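Going by the numbering used here, the final residue of the sequence shown carries number 505, and the count climbs one at a time with no gaps.
Glycine included, every Cβ here is placed at the ideal spot set by N, Cα and C.
Remember, it's a predicted structure, so these values are computed and weren't measured experimentally.
One structure below.
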Amino acid sequence: MAAARDAHRRPGLPRRHPHSGRNPSLRIRLALLTTCLSLATALPAQAAGADDSHLEGKLPSGAAYMMDVPASWNGTVLLYSHGYSPAGAPNPAQNTPRPAVRDKLLAEGYALIGSSYATNGWAITEAVPDQLATLDLFTEKFGAARRTLAWGTSYGGFVTTMLAERHADRFDGSLSMCGLVQGGVANWNSTLDPVFALRTLLAPGSGIRLAGFADQAEAVAAAKSLTTKVDAAQQTPQGRARIALAAALHNIPGYNDASQQKPGPTDWGTQQSNQFTAVRGLLQMPAFSWRQEAESRAGGNPSWNTGVDYTALLGRSPLYKEVTELYKEAGLSLRGDLSALGRAPRISADPSAVGWMRKTSVLSGRLSDPQLTIHTTGDALIPVQAESAYRRAATAGGSAGLLRQAYVDGPGHCTFTTGETLAALDTLEDRLDTGRWDVSPGALNSRAGQEDPTTAARYVPYRPSAYPRPHDLAHPGDNRP
């Protein structure tokens, strides 16, 4: 398969961009001219040294960058966007998801580049310009690529899609893996729902703050307080049922880590135990600490649950049956708890913070080039329903023909094998070369087997349920604060 791809990209041959409506040769010349005017005279692609090149350094923003260019560069550059890096954590430059993927791609002739982003946290306003600056610097040093692809994992899948939507002239296609493609407003709304349910049902009258934190210390203290309540609740059937209800509002799957026991279809107890672990993880970082960091950027709370019907939300969840069965076993009234959620005082958003999030962190669904997204079905951090949110946006934005989505049957967040990752890239490139998509599980698994015969591939037919709190630029009337 690698040889077949290389045959499409022999040096000296102009690249056709199927169905794009653009002249690719003219586009490359204009991009090269722009680079020459804004940076320096660009070297031709063949001017890279005889040996493989590895470059690291700092962009003017302070972001670190990393570039690996093989001596036998095939003319394609992959701009990788990494996942979320919490405030205070190490934040090195990354240009691939993992070393095994890097080694395979370099052996196949790809140039690999990426940056750290200038700051940690919800760094979308730094990530996009830093990634573009990394691409500019690559062009300055190695010449204009024949093909440029954006790809990324997790939060980096969101950055990738933002690049694809808002800077389409810089890319030929994109691959978002386990991406936060529901966008910022939907993400923070959906993260609010389970903690609201937990506070209402397990800690009524506690006053535990769920949003609008003064600082990181207040967020961490709130997380600890609610975690204590959740840990105690897990010891009783009634508490476990209520934790399952909270998990269902966020669509946290009942098998979300490879170290867990895989439950049977009606093994509600094991499903709930697995969800409990994921709920604790949600409390310890995303729902409080990470939220506070995002709020500090937005200038307030960008999420809300005013007007949300939690009975309807639960009814649409694929975990509804589990919740009803656990409530029966516990002798607890599900109707009563849903009524309590309905009566509980709601959380309102700060309009200016919503405006900032909509401007910087909400996707439009308007693509100009092909995008493939892949997601594991057992993802607790960014539940697979995020893909439904983006499919909805792309359909409304007129981009459904350019978007394809594929699913790996496995637990965990971004737990793709090397073969599954490379198969997705192969599929995107095949779409660019032929103008046709083939994202059938059989084709993807076959490609994955060619790339890595040692590990079984797990692509399956799958269609996720609707995302619980969708919010995109194509649907401005949904979920108004």
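TODO: Taking the CB atoms as reference points, tell me whether residue 275 and residue 493 lie closer together than 8 Å.
DONE: Reading the sequence shown from its first residue, position 251 is the one you call residue 275. Reading the sequence shown from its first residue, position 469 is the one you call residue 493. Going by C-beta atoms, residue 275 is not nearer than 8 Å to residue 493.
TODO: Thinking residue 250 and residue 222 are a contact (beta carbons under 8 Å), I'd like their distance in whole angstroms, please.
DONE: As a position in the sequence shown, residue 250 is number 226, starting the count at 1. As a position in the sequence shown, residue 222 is number 198, starting the count at 1. Indeed they touch by this definition, with Cβ atoms about 6 Å apart.
- [ ] Would you mind giving the Cβ-Cβ distance between residue 188 and residue 393, rounded to the nearest angstrom? I have them listed as a contact below 8 Å.
- [x] Within the sequence shown, numbered from 1, the residue matching residue 188 stands at position 164. Within the sequence shown, numbered from 1, the residue matching residue 393 stands at position 369. Residue 188 to residue 393, Cβ: 7 Å. Contact.
TODO: Please classify residue 179: does DSSP put it in a helix, a strand, or coil?
DONE: On the sequence shown, residue 179 is found 155 positions in, with the first residue counted as 1. In the structure shown, residue 179 sits in a helix (DSSP, three-state: H, G or I).
Open item on the list: To the nearest angstrom, how far is the alpha carbon of residue 176 from that of residue 128?
Closed with: The residue given as residue 176 occupies position 152 in the sequence shown. The residue given as residue 128 occupies position 104 in the sequence shown. About 17 Å.
Open item on the list: With H, G and I counted as helix, E and B as strand and the rest as coil, what does DSSP make of residue 197?
Closed with: Here residue 197 refers to the residue found at position 173 of the sequence shown. The answer is strand: DSSP assigns residue 197 an E or B state.
Open item on the list: Tell me the DSSP secondary structure of residue 127 in three-state form.
Closed with: In the sequence shown, residue 127 corresponds to position 103, counting from 1. Helix.
Task: Cut-off 7 Å between Cβ atoms - residues of its own chain near residue 365, not counting five sequence neighbours on either side - done: Walking along the sequence shown from the start, residue 365 turns up at place 341. Excluding positions up to five away in sequence, the list reads 221, 224, 334.
Open item on the list: In whole angstroms, give me the CA-to-CA distance for residue 17 and residue 136.
Closed with: Only positions 25 to 505 of the chain appear in this structure, which leaves residue 17 out of reach.
TODO: Would you kindly check if the distance between the Cβ of residue 498 and the Cβ of residue 409 is under 8 Å?
DONE: Within the sequence shown, residue 409 is the residue found at index 385, counting from 1. Within the sequence shown, residue 498 is the residue found at index 474, counting from 1. It is not a contact, given that the beta carbons lie outside the stated cut-off.
Task: Cβ neighbour criterion (16 or more within 10 Å) applied to residue 451 - done: As a position in the sequence shown, residue 451 is number 427, starting the count at 1. By the neighbour-count rule (16 or more Cβ atoms within 10 Å), residue 451 is buried.
Task: Whether residue 138 touches residue 103 by CB criterion (8 Å) - done: Counting from 1 along the sequence shown, the entry for residue 138 is found at position 114. Counting from 1 along the sequence shown, the entry for residue 103 is found at position 79. Yes, the Cβ-Cβ distance between residue 138 and residue 103 is below 8 Å.
TODO: Label residue 120 either buried or exposed according to how many other C-beta atoms from any shown protein chain fall within 10 Å of its C-beta, with 16 as the threshold for buried.
DONE: Translated into the one-based positions of the sequence shown, residue 120 becomes position 96. Classification of residue 120: buried, given that the 10 Å Cβ count is 16 or more.
Open item on the list: Please classify residue 359 as buried or exposed, where buried requires at least 16 neighbouring CB atoms within 10 angstroms.
Closed with: Along the sequence shown, one-based indexing puts residue 359 at 335. With fewer than 16 other Cβ atoms within 10 Å, it is exposed.
Open item on the list: Count Cβ pairs between the segment 301 to 309 and the segment 334 to 345 that sit closer than 8 Å; are there 3 or more?
Closed with: no
Open item on the list: I'd like to check one pair, residue 321 with residue 209: are the Cβ atoms closer than 8 Å?
Closed with: On the sequence shown, residue 209 is found 185 positions in, with the first residue counted as 1. On the sequence shown, residue 321 is found 297 positions in, with the first residue counted as 1. Cβ distance not < 8 Å, so residue 209 and residue 321 don't count as in contact.
TODO: With DSSP collapsed to three states, give me the class of residue 156.
DONE: As a position in the sequence shown, residue 156 is number 132, starting the count at 1. Note: residue 156 maps to helix in three-state DSSP.
- [ ] Mind listing, in chain order, the continuous alpha helix (DSSP H) runs of no fewer than 4 residues lying wholly within the segment 238 to 303?
- [x] 240 to 257, 261 to 273
TODO: Note down, in chain order, each residue of its chain lying with its Cβ closer than 7 Å to the Cβ of residue 368, except the 5 sequence neighbours on either side.
DONE: Counting from 1 along the sequence shown, the entry for residue 368 is found at position 344. So the list reads 224, once near-sequence residues are dropped.
Open item on the list: Let me check one thing: in DSSP terms, what residues is residue 462 bridge-paired to?
Closed with: Locating residue 462 in the sequence shown gives position 438, where the first residue counts as 1. None; residue 462 has no bridge partner.
TODO: Using alpha carbons as the reference points, say which of 298, 211, 412, 147 lies closest to residue 397.
DONE: Taking the first residue of the sequence shown as position 1, residue 397 is located at position 373. When only C-alpha atoms are compared, the closest one is 412.
Task: Exposure label - residue 375; buried when at least 16 CB within 10 Å - done: On the sequence shown, position 351 is the one that residue 375 refers to. By the 10 Å Cβ count, residue 375 comes out exposed.
Open item on the list: Three Cβ pairs or more, each shorter than 8 Å: is that satisfied between the segment 466 to 481 and the segment 433 to 441?
Closed with: yes
Task: Start-to-end residues for the beta strand (DSSP E) that takes in residue 80 - done: One-based indexing of the sequence shown puts residue 80 at position 56. Counting along the chain, the beta strand (DSSP E) containing residue 80 begins and ends at 77 to 82.
TODO: Would you grab the beta carbon distance between residue 386 and residue 430 for me? Rounded to a whole angstrom, and I think it's under 8 Å.
DONE: Taking the sequence shown and counting its residues from 1, one reaches residue 386 at position 362. Taking the sequence shown and counting its residues from 1, one reaches residue 430 at position 406. That pair is no contact at about 24 Å.
TODO: Check whether the segment 146 to 160 touches the segment 85 to 95, taking contact to mean three or more Cβ pairs, one atom from each stretch, closer than 8 Å.
DONE: yes
Open item on the list: Which residue wins for smallest C-alpha separation from residue 407, given the options 179, 253, 91, 145?
Closed with: On the sequence shown, position 383 is the one that residue 407 refers to. The residue with the shortest Cα to Cα distance from residue 407 is 179.
Task: Counted within 10 angstroms of its Cβ, other Cβ atoms place residue 78 as buried (16 or more) or exposed - done: Counting from one through the sequence shown, the residue named residue 78 turns up at place 54. By the 10 Å Cβ count, residue 78 comes out exposed.
Task: Short Cβ contact (8 Å threshold) for residue 401 with residue 434 - done: As a position in the sequence shown, residue 401 is number 377, starting the count at 1. As a position in the sequence shown, residue 434 is number 410, starting the count at 1. Yes, the Cβ-Cβ distance between residue 401 and residue 434 is below 8 Å.
Task: Nearest residue (CA-CA) to residue 196, options 405, 391, 144 - done: Here residue 196 refers to the residue found at position 172 of the sequence shown. Answer by Cα proximity: 391.
Task: Three-state secondary structure (DSSP) of residue 137 - done: As a position in the sequence shown, residue 137 is number 113, starting the count at 1. Looking at residue 137 - three-state DSSP - the assignment turns out to be strand.
- [ ] Work out the CA separation of residue 143 and residue 105 for me, nearest whole Å.
- [x] By 1-based counting over the sequence shown, the position of residue 105 is 81. By 1-based counting over the sequence shown, the position of residue 143 is 119. Cα to Cα, the separation comes out at about 13 Å.
Task: Close beta carbons around residue 469, own chain, < 7 Å, minus the five adjacent residues each side - done: Locating residue 469 in the sequence shown gives position 445, counting from the first residue. Closer than 7 Å at the Cβ level, and outside the excluded window around residue 469, lie 481, 483.
TODO: Following the continuous alpha helix (DSSP H) through residue 418, name the residue where it begins and the one where it ends.
DONE: As a first step, residue 418 must be located in the sequence shown, where it is residue number 394. Its alpha helix (DSSP H) spans residues 410 to 420.
Open item on the list: According to DSSP, residue 402 sits in a beta bridge with which residue or residues?
Closed with: Position 378 of the sequence shown, counting from 1, holds the residue named residue 402. Its beta-bridge partners are 435.
Open item on the list: So, with DSSP's three-state summary, where would you put residue 429?
Closed with: If you number the sequence shown from 1, residue 429 lands on position 405. If DSSP states are grouped into helix, strand and coil, residue 429 belongs with the strands.
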